[in-house]
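To keep things clear, I will list the structure first and then write my remarks on it.
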Amino acid sequence: GSYVKPEEREILLQLCRDNGVAIIADEVFYEYSLESFAGNARFAGESSTLVFALDGFSKMLAAPHAKVGWIEVSGPKDDVYEAQKRLDVIADDFLPIGNTVSERIPELLQYASSQSAIVRNRVINNLHTLRETLVSTPKCCVSALRAEGGWNILLRVPSCIDDDVLALRLMKDYNLVSQPGYYFDMPVNGYLALSLLPEPQQFISGLHALLRTVDALLEE
Numbered sequence: 003g004s005y006v007k008p009e010e011r012e013i014l015l016q017l018c019r020d021n022g023v024a025i026i027a028d029e030v031f032y033e034y035s036l037e038s039f040a041g042n043a044r045f046a047g048e049s050s051t052l053v054f055a056l057d058g059f060s061k062m063l064a065a066p067h068a069k070v071g072w073i074e075v076s077g078p079k080d081d082v083y084e085a086q087k088r089l090d091v092i093a094d095d096f097l098p099i100g101n102t103v104s105e106r107i108p109e110l111l112q113y114a115s116s117q118s119a120i121v122r123n124r125v126i127n128n129l130h131t132l133r134e135t136l137v138s139t140p141k142c143c144v145s146a147l148r149a150e151g152g153w154n155i156l157l158r159v160p161s162c163i164d165d166d167v168l169a170l171r172l173m174k175d176y177n178l179v180s181q182p183g184y185y186f187d188m189p190v191n192g193y194l195a196l197s198l199l200p201e202p203q204q205f206i207s208g209l210h211a212l213l214r215t216v217d218a219l220l221e222e
């Protein structure tokens, strides 16, 4: 994931104000700051232009079964009023909330902050382990891109290794699931996305399996 830098934010806000354009901000990973920069801030609550900020429990709690999402509307009072009327009209087009989850919304909100902190600590620790392993591995030809936020990391591998071949080999030999770089619009070959969510020992084991697989493919 990535954040909008302060200078980019001001340019974007000014463009929207000048042209009467609303911002739709997907902020489901906002709480998972990894290698971010000073000054990053939510668009939710922005008052200078109309903003629709998206969030939800499935990412906030790392609970894919908790399908509860919401849109926070902010901006000039009149714009917000008109936008909310239109959102009310289209609300029936979206899937209804399951009774089990809806009954627990107050409880889930109460524990959201602590659960997000647990997940954030794990992904940060796994990211540190990843970088330390890559630095300490002799003749390592795998590197990690900067990860501003979220819970995935993009790795750079030798471009002579096909992304699909590497991902399929990891799945076949080690039952490890990864994602080719083109899933994230990387323009060239040689990228792989890994999740930072696994338990620490599982993550280390999977990382070593990845490095062995890259070496093996280079020798073929």
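For the sequence shown, this note's numbering assigns the number 3 to the initial residue and increments by one for each residue that follows. We treat Cβ as the ideally placed atom computed from N, Cα and C, and that holds for glycine. These numbers were taken from a predicted model, which means no experiment stands behind them.
I believe residue i touches residue j by the beta-carbon criterion, under 8 Å. Please report the beta-carbon distance rounded to the nearest angstrom.
i: L212; j: L172; result: 6 Å
i: S76; j: A46; result: 7 Å
To the nearest angstrom, how far is the alpha carbon of residue i from that of residue j?
i: V216; j: F54; result: 43 Å
i: V144; j: F205; result: 16 Å
i: A169; j: V30; result: 26 Å
i: N42; j: Y5; result: 7 Å
i: E222; j: L178; result: 21 Å
i: Y193; j: P182; result: 6 Å
i: Y176; j: N101; result: 38 Å
i: S115; j: L220; result: 44 Å
i: I120; j: P202; result: 13 Å
i: A40; j: V23; result: 27 Å
i: A93; j: L14; result: 28 Å
i: G3; j: H67; result: 21 Å
Three-state secondary structure (DSSP) at residue i?
i: S118; result: helix
i: G71; result: strand
i: P189; result: coil
i: D164; result: coil
i: S49; result: coil
i: G151; result: strand
i: R106; result: coil
i: G208; result: helix
i: S60; result: helix
i: R44; result: coil
i: S76; result: strand
i: A195; result: strand
i: P140; result: coil
i: P182; result: strand
i: A65; result: coil
i: I92; result: helix
Might you give, ordered along the chain, the residues of its own chain that have their beta carbon closer than 8 Å to the beta carbon of residue i, omitting 5 neighbours on each side?
i: P70; result: Inspection of the sequence shows that residue 70 is occupied by Val rather than by Pro. Once the five neighbours on either side are set aside, the close Cβ partners of V70 are G58, F59, S60, I99, V103, S104, I107, L110.
i: D297; result: There is no way to answer for residue 297, as the model of the chain reaches only from 3 to 222.
i: A195; result: N154, I155, L156, L157, S180, Q181, P182, G183, Y185, F186
i: T131; result: P202, F205, I206, L209
Using a Cβ-Cβ cutoff of less than 6 Å, which residues in the same chain neighbour residue i once the five nearest sequence positions on both sides are dropped?
i: A218; result: none
i: L147; result: L156
i: E74; result: A46, A55
i: W153; result: Y34, V125, L198, L199
i: Q117; result: L63
i: A149; result: L36, E37, I155
Considering only residues of the same chain and omitting the five flanking positions on each side of residue i, which have a CB-CB separation below 7 Å?
i: L136; result: C142, V144, S145, A146
i: D81; result: L52
i: R133; result: A146
Notebook entry, point to check: Counting Cβ pairs closer than 8 Å, one from the segment 11-28 and one from the segment 48-55, do we hit at least three?
Noted result: yes
Next item on the list: Examine the Cβ distances between the segment 34-44 and the segment 123-130 and report whether three or more of them are shorter than 8 Å.
Entry: Cβ pair count under 8 Å is three or more, so yes.
Notebook entry, point to check: Is the segment 5-14 close to the segment 153-171, with three or more CB pairs under 8 Å?
Noted result: no
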